[in-house]
Every structure is written in structure tokens, then in C-alpha cells.
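So the sequences go chain by chain: A, B, C, D, E and F. Per the numbering used here, the first sequence starts with residue 717, numbered consecutively. Per the numbering used here, the second sequence starts with residue 717, numbered consecutively. Per the numbering used here, the third sequence starts with residue 717, numbered consecutively. Per the numbering used here, the fourth sequence starts with residue 717, numbered consecutively. Per the numbering used here, the fifth sequence starts with residue 717, numbered consecutively. Per the numbering used here, the sixth sequence starts with residue 717, numbered consecutively. What follows is a single structure, written as C-alpha cells, with notes after it.
6 protein chains.
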Amino acid sequence: MKISARNIIKGTVAAIEKGATTAHVKIEIMPGQIVTAAVTNEAVDSLKLVVGGPAYAVIKASDVMVAVD
Amino acid sequence: MKISARNIIKGTVAAIEKGATTAHVKIEIMPGQIVTAAVTNEAVDSLKLVVGGPAYAVIKASDVMVAVD
Amino acid sequence: MKISARNIIKGTVAAIEKGATTAHVKIEIMPGQIVTAAVTNEAVDSLKLVVGGPAYAVIKASDVMVAVD
Amino acid sequence: MKISARNIIKGTVAAIEKGATTAHVKIEIMPGQIVTAAVTNEAVDSLKLVVGGPAYAVIKASDVMVAVD
Amino acid sequence: MKISARNIIKGTVAAIEKGATTAHVKIEIMPGQIVTAAVTNEAVDSLKLVVGGPAYAVIKASDVMVAVD
Amino acid sequence: MKISARNIIKGTVAAIEKGATTAHVKIEIMPGQIVTAAVTNEAVDSLKLVVGGPAYAVIKASDVMVAVD
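Structure (C-alpha cells):
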């Protein structure tokens, strides 16, 4: 499947924390740079995510903000 | 200002394309890895963004998806 | 690629309207039911979307609201 | 109330799963096609959602992505 | 229609700027406090928005961030 | 840090409800007007949010909808 989301960043699953319905998945996209995703527990199971396994962080361009110091 | 958004990734502005109301800002967060942000033209002006200047890509965790091959 | 987004709905591209930077893509997911997506012009080109062609509307669960009459 | 969100899809509540703060509501929009919404528990109560009752899935166009095989 | 979005803030339309496909609507929710919405041009027409007219800013709780100085 | 998000509304933290992974933070932005934010528990801790303390509700323009009666 090819998706319109402009940002697909390769990394490694660094942590998975399941909540009651919402899970937090941390993906290391470069040494020391973690991206945190809040997804459904159901998605974690469906994708068979495991710590240490490969994963992409996928983000729609309209959900990215820009900041400066 | 300190924000709740979990993902604040440092980079360099690689390109700015202004549309009629919406601009696309490309931030290089590591060599060869671009993050594209769709923001208002107004924000580009307000932040005085320039190509080559420093910028952060800021993303709320609930806007990040996870994918696997 | 398998994605965490819980909503992947099959349909047919009914219309594509490109703006200066943002395009509106209409996908018919059942007779008479259109889903409108606002994506980058770049994504329309990258996915080679054409009116009449197949496409999926993909939506993260945290972006879906519920309403009642 | 009339809202700017371009996508308002009628269906039937198929399931409600409340978490600690976040609930997942599944709406069947056509036979076999479920849309999953992640909303606050508070919203589930406020809308008096019940399994089997009517409901709309409401989605802003800028939150819809497009994918192709 | 009653919606799950937790934030429905009454105000007055202060400005409407239509782009090629995306419009910016500014709603004054209290004296001196503007909320800016980026919606489709189509929505502006469909809701018959006019400067000076009443309108609500509607925001899903999962799209609100928190910041401190 | 200066951010592209067009909506930064000052208020006071009225309530914090932590869930398993997701917290709901209520910010009073004017007397009687609450804005609810769903953020990570981690963000609540990181920002040291306390009831009665000052906080901003921050919202990207593309996440704001408009409604009329």
C-alpha cells in the first residue's frame, strides 16, 4: 500500500506501553531521537509490534508544526 | 514556551513553498530525511522561516501512526 | 506496508481538485457516499491518482468524531 | 448545528469500549464496513451512545489520507 | 446534531480568506482573542459564513495541546 | 520556542484527569469556558501541570472546525 502521508520515517521500536485502550509506541529514528506515537492497543496487536523490531513513523504533513527558538 | 507535543525534532529548513493560504515547509532532520509540514502562510511569515535556517518539526503523539513492511 | 490507522475504506476516485499546494480528492466509498480528503498536490502526483481509479480513504481512529441527531 | 467537517457518514453503533479516559466506538457504515473512532469517555456519556443505536462518523477532510495498492 | 468534540466555543466571524482550495476563517471568541480555522472553501460556502455573523470554533480534545511558559 | 500553531490561548488549569496512558487537561480560558485537551500522561508530568496553575491551549489551525446553528 502506498499512502499520501508525506512523512514515512524508518526506525526501530524502542518501547511499547499499552494503556486501557491507547498505546504509546516509541520509535527510534536515529541514535538518540525518539518519535512517540499514540495508537490503539488493537493496532499494536494487529501490526505485531515488538521492541527491537523495525517500524515506520507515519505522519500526515498537515499534522506537522514548525517551531523556532 | 514548553509544549505537551511529545515530538520536537531539530533540523534545517530545506524548502518553503507558499500556496494561496497553505505553505509547505520541508525540514531536513538528518541527512537525506525530510519532514514536510503543511502550515499557514501566516505562520511562515510570523516565524520568519528562511531556507537554510534552523527549525523544529513539532508533532503531537496522537498524530503519529506506525507502519510495518 | 501495513499501517496502524484503523480505518481503511476502499472506493473509487470521484474527483480531484488541485489547489496551489493542497488538493481535494473525493473518493466514493459506496453509491452516493463520498469521502473528501485534503492532501498535498505532491501526494496526488506521487500516488498517480486518476478519476475513476481505485483508492482507499485512510483515517486514524483518533481523528474520527461521533455525532447523533 | 451544521459543521464544516466534510465527512459525515451515517451508521449504527456496533461496539463501545471504554478505557480509563479514552473510548473506542465502532460504527458500521455499511454491511461489513466498520469505522473506529477514539473519543473521550465523557463524549460517549454525553451523547448517550448505545450499541445498536444510530450515529454518524464525522471526519475533517484534512484528516483523511489516500492510499493505493 | 450533537458531536463528540469536547470543545465548541461560540464567537463571531472576524475574517474569511479563501485560498485556491483552503480557506482561513477567523472567529473572535472573546474581545481580542481570535481562533483561526483552516477549512475547505466548500465548507465556507456550505455554511454560508459571513464576516460579522455568529459561528462556533469546534475542536476535538485530542487535537488540543497544552503549553506553559 | 515560537510555534507555527495559530491558536495559543491563555488560561488556568481547571482539572487534570490521568488515565492509563492518556490524560485529560481542562483549561479555563475565560470564566465558564473550558477547553479540554487529551495529552499523554508523560506530558502532564513533563510540564509539571497543576490545577490552578497557568497554561495555554495550543491548537493548529487545520484542527479547528467551524459550525453554525
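In this text, a Cβ means the ideal position worked out from N, Cα and C, and glycines have one as well.
For the alpha helix (DSSP H) that residue i lies in, which residues bound it at each end?
i	result
residue 759 of chain E	757-762
Note the first and the last residue of the continuous beta strand (DSSP E) segment covering residue i.
i	result
residue 742 of chain C	738-746
residue 774 of chain E	770-775
residue 729 of chain E	723-734
residue 781 of chain D	781-784
Residue i by DSSP, collapsed to three states: which one?
i	result
residue 754 of chain F	strand
Strictly below 9 Å CB to CB, what residues from chain A border residue i?
i	result
residue 777 of chain C	755, 756, 758, 759
Which residues in chain D sit within 9 Å of residue i, going by Cβ to Cβ distance?
i	result
residue 717 of chain E	717, 718, 719, 724, 772, 774
Taking C-beta pairs closer than 7 Å, name the residues in chain C that residue i reaches, listed in chain order.
i	result
residue 736 of chain E	735, 736
For a contact defined as C-beta to C-beta under 7 Å, what are the partners of residue i on chain F?
i	result
residue 741 of chain E	782
For residue i, go through chain D and note every residue whose CB falls closer than 8 Å to its CB, in chain order.
i	result
residue 752 of chain C	722, 723, 777, 780
For a test of your reading of the model: does the CB of residue i fall under 8 Å from any non-hydrogen atom of the ligand SAM? Yes or no.
i	result
residue 735 of chain E	Summarising the ligand content, the structure contains no ligands, and the ligand SAM is consequently not present.
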